[in-house]
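Visitor: Chains as they are written, first to last, in our numbering: chain A, 62 to 293; chain B, 62 to 293. Idealized CB from N, CA, C, for every residue including glycine.
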DNA sequence: ATGCGCTTGTGAACGTGAGCACAAAGTCGT
DNA sequence: ACGACTTTGTGCTCACGTTCACAAGCGCAT
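(1) Quickly, what does DSSP pair residue 97 of chain B with across the bridge? List them, please.
(2) Just checking my contact of residue 170 of chain A with residue 211 of chain A at CB under 8 Å: how many whole Å lie between their CB atoms?
(3) Grouping DSSP H, G and I as helix and E and B as strand, with all else coil, what is residue 157 of chain A?
(4) Is residue 249 of chain B close to chain A, meaning its C-beta is less than 8 Å from at least one C-beta of that chain?
(5) Checking contacts by CB at 8 Å: is residue 68 of chain B closer than that to chain A?
(6) Comparing the C-beta of residue 81 of chain B with each C-beta of chain A, is any distance below 8 Å?
(7) With DSSP run on the structure shown, which of helix, strand or coil describes residue 293 of chain B?
(8) Taking the alpha carbon of residue 204 of chain A as the reference point, which residue from A/190, A/185, A/180 has its own alpha carbon closest?
(9) In the region 215-249 of chain A, which residues sit with their C-beta less than 7 Å from some C-beta in chain B, listed in chain order?
(10) List the residues that DSSP assigns as beta-bridge partners of residue 38 of chain B.
(11) Taking Cβ to Cβ, would you say residue 267 of chain A is nearer than 8 Å to residue 143 of chain B?
(12) Taking residue 73 of chain A as part of the beta strand (DSSP E), name the residues at either end of that continuous run.
(13) Compare the C-beta of residue 127 of chain B against all C-beta atoms of chain A and say whether one is closer than 8 Å.
(14) Over the uninterrupted beta strand (DSSP E) stretch that includes residue 215 of chain A, give me the two end residues.
(15) Taking a cut of 8 Å between CB atoms, which residues from the region 96-127 of chain A lie near chain B?
(16) List the endpoints of the continuous beta strand (DSSP E) containing residue 237 of chain B.
(17) Mind listing which residues of the region 251-277 of chain B have their C-beta closer than 7 Å to chain A's C-betas, in chain order?
(18) Note down, in chain order, every chain B residue with its Cβ under 9 Å from the Cβ of residue 143 of chain A.
(19) What are the start and end residues of each continuous beta strand (DSSP E) run of 3 or more residues lying completely inside the region 103-153 of chain A, in chain order?
(20) Could you check where the beta strand (DSSP E) with residue 254 of chain B kicks off and where it finishes?
(21) Here's a check: name, in chain order, each residue in its chain whose Cβ is nearer than 6 Å to the Cβ of residue 174 of chain A, leaving out the five neighbours to either side.
(22) Using a Cβ-Cβ distance under 8 Å, would residue 201 of chain B count as near chain A?
(23) Tell me the DSSP secondary structure of residue 192 of chain B in three-state form.
(24) With distances taken from CA atoms, which of A/272, A/123, A/76 is nearest residue 99 of chain A?
(25) Are there 16 or more other CB atoms within 10 angstroms of the CB of residue 183 of chain A, so buried, or fewer, so exposed?
(26) Compute the Euclidean distance between the alpha carbons of residue 233 of chain B and residue 251 of chain B, then round it to the nearest angstrom.
(27) DSSP three-state call for residue 233 of chain A: helix, strand or coil?
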């Protein structure tokens, strides 16, 4: 896996943090802040300031020494780097509870994404209105993608059909996929997939939770041992 | 950030992949596979086989050279390592579209998690039944957490109240939090937070999408240049 | 029994990312 | 005009993660 994005060469880890910075910056802008120091912004974003400065330095030298960063200017620069100065049309496939929630989520529109098409296999759902959009039947998928020039697809279907939907999206020209179905999707190299999986996140939490319990129990044992041996 | 989980010392990156392996293994088990080689399992999980073997080797030597891994046995070992042999009670706070979707998601129960309590601030929702559970008012939060011995909390509220909810969960004794709200939560060191943020994932996709466009355009330019110069 | 073929487990090399600590570069008061 | 102070940008070091490549180990056929 090449971790450096080719081109200007922004590390992948940095790219993943830019949206967090962007959100913190937007909040600051709303609160009327004119400039912000790396220390403040880092705290707001939950990282340390050295990392933040290094991350921002990959975009260019947009700060002023002794002062900090101009909030509005930095918002613009980060947005531009992330490609959010243009609007990306998005299709959502699968409108169960989750797809429904995604369609109604306001956070997309405000950040350069426009949900342009909804598709579901269930005849009950087809032609219904969700978030101001009509639900299209599965057959219409390829046509919608081509006609609306959609490059980003969101899969919110049950796991068993996710790969099929994925294949159809890719062959229709979608080159980025956000997958909510709990399966590993196979795609050609030039297609980028990111997955969001709540059950995986919970399992990671469970691992650490268990570890806490285990070490706590171990602590108890050593304390008991110490008591058994008696005060030295 | 210490990347090695203390104790037996399984790398954090490995822990994050174990749930993926577990899912692939479960599928294989359902299909009646008795054993599986690292190569097969790696393909199913979307990683390379060397990484898979190293990951599994942190759990112990559970494979047989020349043969592969016993599927059922490995399922058990991975589950045990992740702490999924016991059931973890979970509370969901916030039952908008997303919380609703989470409450109804079947994937949790089958993997060691039991949604035990639903809480929402909206009087309209309180006392309604969702996924077979009654929705409790916000005031009941601390009592529910203590009484049911809940260690894992899921925050699916609007962003502005997420930090407050988080603080209340933590002070009631929750030590792991899965956060769907688009904010960076501040918590004490001993509390583990993981966040799921679809808008961040989309922005990362947009970055790569833009890069593809840029390099494609660059390709066009070089081709045009080459033509302008003429065949050599 | 013995050897052959297959697959695991791991040492070692390499690449990526994090964080310290400081020089460079700006602002502001005098 | 200048010096004190503040904050950025970055060279360097260390830790973490990935991958290669191969020896060790196991089963099966002969």
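Guide: Once the coordinates are examined:
(1) B/130, per the DSSP bridge assignment.
(2) Not really, about 15 Å apart at Cβ, beyond 8 Å.
(3) The answer is coil: DSSP assigns residue 157 of chain A none of H, G, I, E or B.
(4) Closer than 8 Å: no.
(5) Note that residue 68 of chain B scores 45 on pLDDT, short of 50, meaning its location in the model is unreliable; the coordinates nonetheless yield the value given after this. Closer than 8 Å: yes.
(6) For residue 81 of chain B, the nearest CB of chain A lies under 8 Å from its own CB, placing it at the interface with that chain.
(7) The predicted position of residue 293 of chain B is uncertain, since its pLDDT is 46 and thus under 50; no value can be drawn from it.
(8) If we check each option's Cα against that of residue 204 of chain A, A/180 comes out closest.
(9) Of all residues in the region 215-249 of chain A, 236, 237, 239, 243, 245 have a Cβ within less than 7 Å of some Cβ in chain B.
(10) Because chain B is modelled from 62 through 293, residue 38 of chain B falls outside the range shown and cannot be assessed.
(11) Result yes, Cβ atoms of residue 267 of chain A and residue 143 of chain B sit closer than 8 Å.
(12) For residue 73 of chain A, there is no enclosing beta strand (DSSP E); the residue is part of the alpha helix (DSSP H) that begins and ends at 73-91.
(13) By this cut-off, residue 127 of chain B is not an interface position.
(14) Per DSSP, residue 215 of chain A belongs to the beta strand (DSSP E) from 213-216.
(15) Hits within the stretch, in order: 105, 106, 107.
(16) Here the beta strand (DSSP E) through residue 237 of chain B covers 237-240.
(17) Of all residues in the region 251-277 of chain B, 253, 255, 257, 259, 260, 261, 262, 263, 264, 265, 266, 267, 268, 269, 270, 271, 272, 273, 275, 276 have a Cβ within less than 7 Å of some Cβ in chain A.
(18) By Cβ distance, chain B contributes 264, 265, 267, 268, 271.
(19) Within the region 103-153 of chain A, complete beta strand (DSSP E) segments of at least 3 residues are found at 129-131, given in chain order.
(20) Its beta strand (DSSP E) spans residues 253-256.
(21) Within the same chain, residue 174 of chain A has close Cβ partners 149, 151.
(22) Cβ-Cβ to chain A under 8 Å: no for residue 201 of chain B.
(23) The answer is coil: DSSP assigns residue 192 of chain B none of H, G, I, E or B.
(24) Among A/272, A/123, A/76, the Cα nearest to that of residue 99 of chain A belongs to A/123.
(25) Exposed, by the Cβ-count rule.
(26) Rounded to the nearest angstrom, the two C-alpha atoms are 14 Å apart.
(27) Correct three-state label for residue 233 of chain A: helix.
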